[in-house]
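Residue numbers for the sequence shown, in UniProt numbering: 1 to 660.
Glycine included, each C-beta is placed from N, C-alpha and C at the ideal position.
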Amino acid sequence: MLGRIPVIDVHPLVDLGSRPAKATEGEPLPVRATVFREGHDRLGAEVVLTGPDGARRAPVRMREQRPGTDRYEAWVTPDAEGAWAFEVRAFSDPLATWTHAASLKVPAGVDVELMFLEARLLLERLREQALADADAPLSADDEAAITAALDAATDEIRPVDARLAVLTGPGTQELFARHPLRDLVTVSGPYPLYADRRRALTGSWYEFFPRSEGARLDKHTGKVRSGTFKTAAKSLERVSAMGFDVLYLPPIHPIGEVNRKGPNNTLDPGPDDPGSPWAIGSRFGGHDAIHPELGTFEDFDAFVRKAQRLGIEVALDLALQAAPDHPWVTEHPQFFRHRADGSIAYAENPPKKYQDIYPIHFDDDFEGVLAEVERIVRLWMSHGVRIFRVDNPHTKPVIFWEELLRRIRETDPDVVFLSEAFTRPAMMHTLGSVGFHQSYTYFTWRVEKEEIEDYLREVSSESDHLMRPNFWVNTPDILHASLQYGGPAAFAIRATLAAMATPSWGMYAGYELFEHVAVRPGSEEYLDSEKYQIRVRDWEGAEQSGKTLMPYIATLNRLRRTHPALGLLRNLVVHATDDEHILCFSKTFGDDTVIVVINLDPHGAHETTVHLDLEAAALPESFVVHDELTGAEWVWGADNYVRLDPVGDVAHILSARRTA
Numbered sequence: 001m002l003g004r005i006p007v008i009d010v011h012p013l014v015d016l017g018s019r020p021a022k023a024t025e026g027e028p029l030p031v032r033a034t035v036f037r038e039g040h041d042r043l044g045a046e047v048v049l050t051g052p053d054g055a056r057r058a059p060v061r062m063r064e065q066r067p068g069t070d071r072y073e074a075w076v077t078p079d080a081e082g083a084w085a086f087e088v089r090a091f092s093d094p095l096a097t098w099t100h101a102a103s104l105k106v107p108a109g110v111d112v113e114l115m116f117l118e119a120r121l122l123l124e125r126l127r128e129q130a131l132a133d134a135d136a137p138l139s140a141d142d143e144a145a146i147t148a149a150l151d152a153a154t155d156e157i158r159p160v161d162a163r164l165a166v167l168t169g170p171g172t173q174e175l176f177a178r179h180p181l182r183d184l185v186t187v188s189g190p191y192p193l194y195a196d197r198r199r200a201l202t203g204s205w206y207e208f209f210p211r212s213e214g215a216r217l218d219k220h221t222g223k224v225r226s227g228t229f230k231t232a233a234k235s236l237e238r239v240s241a242m243g244f245d246v247l248y249l250p251p252i253h254p255i256g257e258v259n260r261k262g263p264n265n266t267l268d269p270g271p272d273d274p275g276s277p278w279a280i281g282s283r284f285g286g287h288d289a290i291h292p293e294l295g296t297f298e299d300f301d302a303f304v305r306k307a308q309r310l311g312i313e314v315a316l317d318l319a320l321q322a323a324p325d326h327p328w329v330t331e332h333p334q335f336f337r338h339r340a341d342g343s344i345a346y347a348e349n350p351p352k353k354y355q356d357i358y359p360i361h362f363d364d365d366f367e368g369v370l371a372e373v374e375r376i377v378r379l380w381m382s383h384g385v386r387i388f389r390v391d392n393p394h395t396k397p398v399i400f401w402e403e404l405l406r407r408i409r410e411t412d413p414d415v416v417f418l419s420e421a422f423t424r425p426a427m428m429h430t431l432g433s434v435g436f437h438q439s440y441t442y443f444t445w446r447v448e449k450e451e452i453e454d455y456l457r458e459v460s461s462e463s464d465h466l467m468r469p470n471f472w473v474n475t476p477d478i479l480h481a482s483l484q485y486g487g488p489a490a491f492a493i494r495a496t497l498a499a500m501a502t503p504s505w506g507m508y509a510g511y512e513l514f515e516h517v518a519v520r521p522g523s524e525e526y527l528d529s530e531k532y533q534i535r536v537r538d539w540e541g542a543e544q545s546g547k548t549l550m551p552y553i554a555t556l557n558r559l560r561r562t563h564p565a566l567g568l569l570r571n572l573v574v575h576a577t578d579d580e581h582i583l584c585f586s587k588t589f590g591d592d593t594v595i596v597v598i599n600l601d602p603h604g605a606h607e608t609t610v611h612l613d614l615e616a617a618a619l620p621e622s623f624v625v626h627d628e629l630t631g632a633e634w635v636w637g638a639d640n641y642v643r644l645d646p647v648g649d650v651a652h653i654l655s656a657r658r659t660a
């Protein structure tokens, strides 16, 4: 039912307010609503937050986004983790109504003294209300403004236009804004938000296979010896030096021996082929065990502790599937779908086939599967894991994730879940709405300027209440054609886009070495994919030869740490350019503004004029920009010439100073 002053189309709402919208501690977010009323009297609207402590925060006044649209907006910031709520309050604004009427009537000589009498009564009411409001007491400046306004309202000797100038001037209007009068108050809400810890929003992710870190080729036998947690721990310094603060590990559990895959996903493995880590479970255990070649739980704990000392959180893969020789197959046969002949069908994702994996079936023992997965998650939580990357959650029932994530949040709200769901938007958004903190995205396949611009707008301001994006430049499954044929410049371009445009981005090991060869033309699979074999990389040799992107990656992550604006999602503004290969966007938080201009063409130089929306970016007509990559400085304004050559600079990353 509508209130006295209608408030409709409130945002952000998830499922009409039945689930909380995404929020983060310290992250500004917009609240919007359409607010209107009958007649000519003016109205006001404001947002009131209620924190996890049950205390209401001070109202934040909403402003009409564009005159005549009745669409109002205010930005609010949860200042603590936990469950929040917000209300939109609309009210008749007698002070604004008087200001509008007096500005028309007094100059026309209509009801002049009546208008000043109404002003005096409203000012007296304002003072009485403010004196009674302990949360918004009158300051000395407020008292001075009230006194000046009352003098103007009652001094009939002073010229009429001078009296009106005081009452409609900035001093009085600012007083009215600080202490509004509210009639016919209409409340819409409360509506839920949930503010997660900052890691749910912001992080630089790196993925490596522990078995490849420290692995070495035995020159005598020609066999590759697996790395371990002890050897992988030595690689943590490399990860830290590049500025990454989340390290994601593919499954570290025993790998199935039945139907094990060979190199490049072949079906005829040799006796020494290690198999895919996603084929979980063998005679050595299942999801609650560690592959014996990697080490022990003590080794894993030491690995996690060292990462924490370096400022890195360890994220672990949660892949709900089993190898044919996983203990679940015999201990919990009801976890799997059996065909008419009693056999279990392996997993498929056409055209891909996974003969070494049995998918979980949830409908015969939903509670049993839920209890077992919760046990496993809590086991790894007890070993220091507070982030889980969930493999293919879109192939499991959404209600399963909703209940599992609810149970974990209830006791451990700091635990973060990343959804690896490259699928239809409805599923991706719903997974976010039921509790996933982040999601993989379509970023990898957005390569042209227009589609990148549209996607940046989508993830930052259209789906942000449902899903937080994590932009990955590559994964063990995805080697995009732009990287296969774009050369080193393409790697720098994609890393710049991902690291600067979103607060969370990710990179799979080998990217910094420009690994780009696909298993066959037209495929996105790597040749000699690390999913099926151990890869021995010469990190030291790459650094010595300079054939690495590591220094540039370190610079990108350093800029992310030093510029608060880059740690937010909803503050992105896309700006126009005249060239189809040059993209520009900015991010602003307080006094920190970063402008990013990127040449999307790795093969050629391009020049253009960049047209900045100064109002949207909160920038003055003239300001100084400092190129964080080269140290150069220029004076910029609304229209600026840019030339970028991938042989030298693929991008400008500019920090803005507001005084030229």
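Leaving out five residues on either side along the sequence, give the residues of the same chain with a beta carbon under 8 Å from the beta carbon of residue i.
i, result
"A289", "H253 and P254"
"V47", "V31, P59, V60, M62, A74, V76, F86, E87, V88 and R89"
"L456", "A501, L572, V574 and F585"
I'd like to confirm the pairing. Which residues does DSSP put opposite residue i in its beta bridges?
i, result
"S204", "W505"
"V48", "E87"
"L318", "V390"
"K22", "Y194"
"W472", "G506"
"F589", "D592"
"W75", "P30"
"G214", "None, per the DSSP bridge assignment."
"Y532", "Paired residues: none, contrary to the question."
Under a Cβ-count criterion, where at least 16 other Cβ atoms within 10 Å of its own Cβ denotes burial, should residue i be classed as buried or exposed?
i, result
"A58", "exposed"
"H40", "exposed"
"A660", "Confidence is the limiting factor: at A660 the pLDDT is only 49, short of 50, which leaves the residue's position unreliable, though a coordinate-based value still follows. So A660 counts as exposed."
"R339", "exposed"
"F297", "exposed"
"E367", "exposed"
"M1", "exposed"
"D639", "exposed"
"Q544", "exposed"
Look at the alpha carbon of residue i and the alpha carbon of residue j, and state the distance between them as a whole number of angstroms.
i, j, result
"V398", "L249", "24 Å"
"W401", "G26", "27 Å"
"Y194", "G54", "14 Å"
"A495", "E615", "28 Å"
"A489", "V647", "7 Å"
"D183", "R125", "12 Å"
"G522", "A481", "8 Å"
"D245", "D273", "32 Å"
"T395", "E374", "18 Å"
"S504", "V187", "36 Å"
"A177", "A499", "39 Å"
Could you name the residues of the same chain whose beta carbon sits closer than 6 Å to that of residue i, not counting the 5 residues immediately before and after it, in chain order?
i, result
"Y72", "A33, V35, A45, M62 and E64"
"T502", "P469 and F471"
"L517", "In the sequence as displayed, the identity of residue 517 is Val instead of Leu. Excluding positions up to five away in sequence, the list reads L527."
Measuring only between beta-carbons, confirm whether residue i sits less than 9 Å from chain C.
i, result
"H465", "Within the model displayed, chain C is absent; a lone protein chain is all it includes."
Of the residues the options, which one's Cα is nearest the Cα of residue i?
i, options, result
"T168", "E458, L614, S103 and R66", "S103"
"R300", "H383, E331, S439 and H611", "Checking the sequence, you will find Phe at residue 300 rather than Arg. The shortest C-alpha separation from F300 is found at H383."
"K531", "G546, G510, E540 and S545", "G510"
"Q484", "V416, S463, L497 and V519", "V519"
"D133", "H100, L181, A119 and V106", "L181"
"V594", "W539, A656, V650 and P551", "A656"
"E628", "A279, V160, S139 and H563", "H563"
"A241", "H626, P274 and S204", "S204"
"P393", "L379, T423, K587 and D412", "T423"
"E118", "N349, P351, A101 and L370", "A101"
"F514", "L549, T411 and A499", "L549"
"N349", "V10, I376, E293 and D477", "D477"
"G243", "L131, R389, P12 and N557", "N557"
"H652", "L559, G590 and D613", "L559"
"P192", "P551, L619, Y442 and L49", "L49"
Can you list, in chain order, the residues of its chain with a C-beta nearer than 7 Å to that of residue i? Leave out the 5 residues immediately preceding and following it.
i, result
"H581", "K449, N599, L600, D601 and H606"
"A345", "R337 and R339"
"D414", "R197 and R386"
"P94", "L122, L181 and D183"
"V258", "A323, P324 and D325"
Check whether the Cβ of residue i lies closer than 8 Å to any heavy atom of the ligand GDP, and answer yes or no.
i, result
"G506", "Looking at this structure, you won't find the ligand GDP or any other ligand, since it has none at all."
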